[in-house]
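Student: Residues in the sequence shown are numbered from -10 upward in steps of one, following the working numbering.
One structure coming up, written as structure tokens, with questions to follow.
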Amino acid sequence: MLLTRATHSQCIQLSDVVGYSLLLLMPRNPRLRVLFSIMKLSVSLRYSELRLLKEVSAQLLKRGISTFHSRLCKNDGLFLVHPAVSQALAENRPVVALESTIITHGMPYPHNLSTAKAVEAIVRTEGAIPATVGLLQGRVHVGLSSEELDYLARSKTSLKVSRRDLPYAISKGLCGGTTVSGTMIAAHRAGIHVFVTGGVGGVHRDGENSMDISADLTELGRTPIAVVSAGVKSILDIGRTLEYLETQGVCVATFGSSMNFPAFFSPESGFTSPYHVNNAEEAADLIAGNLSLGLQSGLLLAVPIPKEHAAAGQQIENAIQAALAEANVKGIRGRDLTPFILQKVNELTRGKSLQANIALIHNNARVGSQIACALSKRMQKKTWTPSAPHAKEREKDLDSQPNIVVIGGVNVDFIAKGKTDKLVFGQTNRGSVCQSFGGVGKNLADSLSRMGQRPLFISAIGTDSHSDAVLNYCRHMNTSGVSVLKEQRTATYCAVITKSGDLSLGLGDMDIHQQITEQYVSQFEEKLSTASLMCLDGNIPVSTINYVCSVAKKHAVPVWYEPTDSDKACKPFLSDSWKALGYTSPNLAELCTMNKALGLPTPAVLPSSVEEVLSCAMALARPLLDHLQCVVVTLGAMGVLLCGEHNAGSVDLQPRRGTRVKCWFPTHPSLPSPQSCRWDIGWYVPEQRHSQLC
């Protein structure tokens, strides 16, 4: 099926699309046949079904659908990335995440606003892009405008938003400042590696009894972000905090020549860091090493307060002890303790603590930005050590240049099929169990290989009992890009289905897919930059997708994105990386996820009738076609909706080389032919989204 576009004869704006139609055809273009074979798609329509779709097509053309321009005025997304941040991520430039509780709870107005703007200015001066994270009307923003910063700075009702608070704040449409924990979640989802803050939370004094432990510490143990801070506030139990970080597997290093672990206002806490890094380049090496290993834990880089502001440390420490005593008398604890202490200390020191606070934050921003820039340069120069074992053994295989590169997952599938229509849980059911080899990336590379191509398959497997079986099965493929990782498990999936084929239970162990990091994939940049096509599946990390898309954009290589499932479909659309895609093949649910990530409205419930499904699919595919060459919407038993530029009775799959494109005319027999229409060739200007008649 081909999605075609018809514009009003008097209208010059692409956004004012008033009609769509469907063309049922057998693809004439050889490349289209190849792509259909890759996806193993088959559409078998009886004459009655063809006539039904023909009638639906005519009705849709008469009725029209909502335009992309009108939907741009709405925004249903819960996770919004600022255009400047999105563009920087897509181009693999350095981005620094910044928290917002320092704005909403850390300082009084207007010091909070001026500090926030000054910190962003420092980040820009150092060559990076600032991405302040905050919650506005129940939506997580990565990157705030000047007006949004001012709104948060003045707000008296903003919530302090950590991991536990996100669901509630979003469901209630609240505003808030994100803590270290909340900011890490947003930054990681956007693909940002470096996050600058003042100080992290920790184990509270008497924490061994109260169990009052900041969520910042557990977040550091499960989110791979490098957090640059002035250490841990001295109001906390620093010793136990460092012990807890060790338990969480968090690498802690002091920035500079000293091994002393800083205590926010003081460069020395009386405790030592496990490690130290002398400069930004060494810090970038440390971050790159963490990312190369694919560890899911973060890093804590502790930056001592500048010496010129450390002199007042003892006075501030005395004030802290007095504030702690008062807080204890008043029964202030938990999340309310830190804001109370900071405000009280500022009063007792007559503003000296605030000045020191601002100074250390400025210094952290400067250091963090330098680290982000060093990390970005390091990634571009590929100066890290490859994480793939047997790289030298495979060097000969890598010399053969493939035309196509496939990056994605491979896994061993176990299908347990019962012999009854209903399975009884809690006891043994009669059935059969079979093993097969799957993974979206593997399937794409496998199909291409069986069609006579020689794609380079980039993936990761473990050194367990399954790895040899996987490589043996894939021996007809070019697996020189598959990393075999020690002490890792090959991805496995187990599905329990009934006699009729309905899924009863599915379990997946897919953690190893996170090892397909941008650092590993960048070893093959020469292959990527000269490929005729790159195929990505949604199993790989967001940062890897961003990197591949930046290479594709730089070298004009077409990219096919297979979203894998509805949860992973959004990955390229969290930044401007999606604009580098040429093709994608979502189902309707995955297409909804893509639109949500772009902040576009989507139906609350997916339609079921043929007419509603087609109308919905066309409406959701339309905004993607401003940048993508083709969107293939798989509709199960209903067939496939092929959306793209119409050319000579087929879909033009050749990547666009210029900005001049043909209008998409209706060519179904029931619709007017292009010759009878008064439309003309248009000049497409993506930034303005309009078409000028020639």
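We put the beta carbon where it would ideally sit given N, CA and C, even for glycine.
Counting only the same chain and skipping the five closest in sequence on each side, list residues whose C-beta sits under 7 Å from that of residue 89.
Tutor: Correct list, in chain order: 121, 122, 123, 141, 166, 167.
Student: Tell me residue 623's beta-bridge partners as DSSP assigns them.
Tutor: Paired residues: 576, 629.
Student: Can you say whether residue 467 is buried or exposed, counting buried as having 16 or more other CB atoms within 10 angstroms of its CB?
Tutor: Buried.
Student: How do the region 284 to 300 and the region 233 to 249 stand: do at least 3 beta-carbon pairs fall below 8 Å, yes or no?
Tutor: Yes, the region 284 to 300 touches the region 233 to 249.
Student: Does DSSP put residue 113 in a helix, in a strand, or in coil?
Tutor: Reduced to three states, the DSSP call for residue 113 is helix.
Student: How is the beta strand (DSSP E) around residue 122 delimited, first residue to last?
Tutor: Where residue 122 is concerned, the enclosing beta strand (DSSP E) stretches over 118 to 125.
Student: Give a yes or no on contact between the region 569 to 589 and the region 612 to 621, applying the rule of three or more CB pairs nearer than 8 Å.
Tutor: Flag = yes, the region 569 to 589 and the region 612 to 621 touch.
Student: Are the beta-carbon atoms of residue 453 and residue 478 separated by less than 8 Å?
Tutor: Result yes, Cβ atoms of residue 453 and residue 478 sit closer than 8 Å.
Student: If you draw a straight line from the alpha carbon of residue 162 to that of residue 596, how long is it in whole angstroms?
Tutor: C-alpha separation (whole angstroms): 27 Å.
Student: Quick one, which of 408, 446, 450, 271 has its alpha-carbon nearest residue 362's?
Tutor: Ranking the options by Cα distance to residue 362, first place goes to 271.
Student: When burial is assigned at 16 or more other CB atoms within 10 Å of the CB, is residue 410 buried or exposed?
Tutor: Looking at its Cβ environment, which holds fewer than 16 other Cβ atoms inside 10 Å, residue 410 is exposed.
Student: Could you pull out every residue in the same chain whose Cβ sits closer than 8 Å to the Cβ of residue 506, ignoring the five residues on either side in sequence?
Tutor: Closer than 8 Å at the Cβ level, and outside the excluded window around residue 506, lie 280, 281, 283, 376, 530, 532, 533.
Student: Closer than 6 Å by C-beta to residue 230: which residues in its own chain qualify, once you throw out the five before and the five after it? Chain order, please.
Tutor: 191, 192, 221.
Student: When the Cα of residue 257 is compared with those of 248, 146, 264, which residue comes out closest?
Tutor: Checking every option, the nearest Cα to that of residue 257 belongs to 248.
Student: Residue 342: buried (16+ other C-beta within 10 angstroms of its C-beta) or exposed?
Tutor: So residue 342 counts as buried.
Student: Have a look at 405, 513, 536, 551 and flag the residue whose alpha-carbon is nearest the alpha-carbon of residue 433.
Tutor: Among 405, 513, 536, 551, the Cα nearest to that of residue 433 belongs to 551.
Student: Leaving out five residues on either side along the sequence, give the residues of the same chain with a beta carbon under 8 Å from the beta carbon of residue 298.
Tutor: Excluding sequence neighbours, residue 298 sits near 344, 345, 348, 349.
Student: Under the three-state reduction of DSSP, which class applies to residue 75: helix, strand or coil?
Tutor: Three-state result, residue 75: helix.
Student: From 332, 537, 440, pick the residue whose C-alpha is nearest to that of residue 397; which is it?
Tutor: Ranking the options by Cα distance to residue 397, first place goes to 537.
Student: Helix or strand or just coil, what does DSSP make of residue 556?
Tutor: In this structure, residue 556 counts as coil in the three-state DSSP scheme.
Student: Check whether the Cβ atoms of residue 353 and residue 179 lie closer than 8 Å to each other.
Tutor: In this structure, residue 179 does not lie closer than 8 Å to residue 353 by Cβ.
Student: Starting from residue 244, follow the alpha helix (DSSP H) in both directions and report where the run begins and ends.
Tutor: First-last for residue 244: 240 to 244, but that is the beta strand (DSSP E), not the alpha helix (DSSP H).
Student: Here's the rule I'm using: 16 or more other beta-carbon atoms within 10 Å means buried, otherwise exposed. How should residue 611 be labelled?
Tutor: When all chains shown are included, residue 611 counts as buried.
Student: I'd like the list of long-range same chain contacts for residue 194, defined as Cβ closer than 6 Å, with 5 residues on each side in sequence excluded.
Tutor: Excluding residues within five positions, the ones whose Cβ falls inside 6 Å are 226.
Student: Drop a sphere of 10 angstroms on the beta-carbon of residue 691, count the other beta-carbons inside from all chains shown, and report buried for 16 or more, exposed for fewer.
Tutor: Residue 691 lies beyond the residue range present for the chain, which begins at -10 and ends at 683; the question has no answer from this structure.
Student: For residue -9, name the three-state secondary structure that DSSP assigns.
Tutor: Per-residue confidence for residue -9 stands at a pLDDT of 40, beneath the threshold of 50, marking its modelled position as unreliable; the derived number appears in the next sentence. Three-state DSSP puts residue -9 in a strand.
Student: Three-state secondary structure (DSSP) at residue 435?
Tutor: Reduced to three states, the DSSP call for residue 435 is helix.
Student: Just checking my contact of residue 261 with residue 250 at CB under 8 Å: how many whole Å lie between their CB atoms?
Tutor: About 6 Å; that satisfies the 8 Å criterion.
Student: Here's the rule: buried if 16 or more other CB atoms are within 10 angstroms of the residue's CB, otherwise exposed. What is residue 157?
Tutor: By the neighbour-count rule (16 or more Cβ atoms within 10 Å), residue 157 is not buried but exposed.
Student: Could you tell me which uninterrupted beta strand (DSSP E) segments, each at least 3 residues in length, are contained entirely in the region 524 to 557, listed from first to last along the chain?
Tutor: With a minimum length of 3 residues, the continuous beta strand (DSSP E) runs that stay inside the region 524 to 557 are 548 to 551.
Student: Whole angstroms is fine: what's the gap from residue 544's alpha carbon to residue 159's?
Tutor: Distance between the alpha carbons of residue 544 and residue 159: 40 Å.
Student: Check whether the region 193 to 210 touches the region 84 to 101, taking contact to mean three or more Cβ pairs, one atom from each stretch, closer than 8 Å.
Tutor: Verdict: no, contact absent.
Student: Assign residue 368 to buried or exposed, taking buried as 16 or more other Cβ atoms, counted over all protein chains shown, within 10 Å of its Cβ.
Tutor: When all chains shown are included, residue 368 counts as buried.
Student: On the criterion of 16 or more Cβ atoms from any shown chain inside 10 Å, does residue 577 qualify as buried, or is it exposed?
Tutor: Its Cβ being crowded by 16 or more others within 10 Å, residue 577 is buried.
Student: Shortest alpha-carbon distance to residue 313 belongs to which of 304, 326, 526?
Tutor: Checking every option, the nearest Cα to that of residue 313 belongs to 326.
Student: Hey, could you find the ends of the beta strand (DSSP E) residue 222 is sitting in?
Tutor: Run containing residue 222: none; DSSP gives neither H nor E here.
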